[in-house]
Amino acid sequence: MWLVRRQLDTRFERLDPEDDPDRDDRLIRELYQEFGGPLLRQVRQTTGNDLQWAEDVVQETLLRAWRNAAKLTWERGLLWAWLLTVSRRIVIDGRRRRGVRPREVEPPEADSIAVPDAADRTLAAIVVADALRGLSPDHREVIEQTYLRDRTVSEAAEILGIPPGTVKSRLYYALRALRGVLKERGVAN
1 MWLVRRQLDT RFERLDPEDD PDRDDRLIRE LYQEFGGPLL RQVRQTTGND
51 LQWAEDVVQE TLLRAWRNAA KLTWERGLLW AWLLTVSRRI VIDGRRRRGV
101 RPREVEPPEA DSIAVPDAAD RTLAAIVVAD ALRGLSPDHR EVIEQTYLRD
151 RTVSEAAEIL GIPPGTVKSR LYYALRALRG VLKERGVAN
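At position 17 of the sequence shown (counting the first as 1) the number is 17 in the UniProt record's numbering, and the numbers step up by one without a gap.
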C-alpha cells in the first residue's frame, strides 16, 4: 500500500488541475482510504471515545489536508504527523468551545411541561378547612387568628380577650389536634 501511495503522491504532484478535473476527488478519496481509519482510532482516544465527535474531527482534519494539498509534503510519515497535530488542535479547540458555551439541551415535549394551576392549592385548602371543622371552637379560633389572619400571639390574645400564654397553649394543642385529624384522613404522615 505504501508503494502504491508513493506512486500516487508523485502522480498528484505532477498533475495539473486543468489536465485532470477529477484530481481533487481522487485526492480526498485517497486521504480517507489511507488515513481515515487509523486517524479515527487515534482521535477517538482523545475525544473520550465520542464516536460522533471523533468522526467530525477526522472529517475536518482531512478537509484541511485537502485544502492545503499544495503546501503539504506528501511523504507518508510527515503527512501522518501533520494530520495528528491538526486533529489534536481541533479537539483542543472543541473542548475550549464546549467549556465556554453552555450545553445545548433539547426543549421538553409540550405534553410534559407542567402548567401551574391553583388545583393543588385549592385542594389543600379544602382538606385543611374540612379538618379545621373537626377541631374545638377554641382551637379553631386560635389557628384562624394566628395562621389564617397572620396575627402575632399578642394581637390574637387581644382580639380573643385571653392572655398570650393561653393563646400559645391553645395553638400548640390545636396544631397537634389538626395533625391528628389530617393523619386520620391519610393526608399527613
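Virtual Cβ for every residue (Gly too), placed ideally from N, Cα, C. Remember, predicted model here, so these are calculated numbers, not experimental data.
Nearest neighbour of residue i, chosen from the options [CA to CA]
i	options	result
A131	G186, Q33, Q52 and N49	G186
L31	L83, R41, L51 and V100	L83
T47	R98, G161, A81 and F35	R98
L153	L182, Q33 and K168	Here residue 153 is Val; the residue named in the question, Leu, does not match the sequence. Comparing Cα positions, the closest option is K168.
R133	D93, L178 and L171	L178
S136	R170, K183, P163 and L63	R170
A174	D93, E144, R149 and E104	E144
P163	D150, V142, R176 and L182	V142
R88	R103, D56 and G77	D56
Whole-number beta carbon distance between residue j and residue i, since they are thought to touch under 8 angstroms
i	j	result
residue 191	V43	Outside the shown range of the chain (1 to 189) lies residue 191, about which nothing can therefore be said.
V58	L79	The Cβ separation is near 14 angstroms, so there is no contact.
L72	A65	7 angstroms
T146	A156	5 angstroms
Where the alpha helix (DSSP H) containing residue i begins and where it ends
i	result
S136	Taken as a continuous stretch (DSSP letters only), S136 belongs to no alpha helix (DSSP H), as it is neither H nor E.
G37	G37 to T46
V57	L51 to R67
K71	Note, K71: premise wrong, no alpha helix (DSSP H); not H, not E.
R170	P164 to E184
For residue j and residue i, the rounded distance between their alpha carbons
i	j	result
L3	N68	Interpretation of L3 is limited by its pLDDT of 39, a score under 50 that renders its predicted location unreliable; no figure is taken from the coordinates.
A119	V128	14 angstroms
D24	R95	31 angstroms
A114	Q45	41 angstroms
P116	P107	18 angstroms
M1	L62	Reliability fails at M1, whose pLDDT of 37 lies under 50, so the model's placement of it is uncertain and the value that follows must be treated cautiously. Taking the straight line joining both Cα atoms gives about 19 angstroms.
Q52	W74	28 angstroms
R140	L160	12 angstroms
A70	L27	11 angstroms
E104	D93	17 angstroms
T122	Y172	25 angstroms
F35	G77	11 angstroms
Any C-beta of chain B under 7 angstroms from that of residue i
i	result
Q145	No chain B is present in this structure, which holds just one protein chain.
Check: residue i C-beta below 6 angstroms from any heavy atom of the ligand NAD
i	result
V58	Inclusion of the ligand NAD in the displayed structure is not the case, the ligand content being empty and no account of it being possible.
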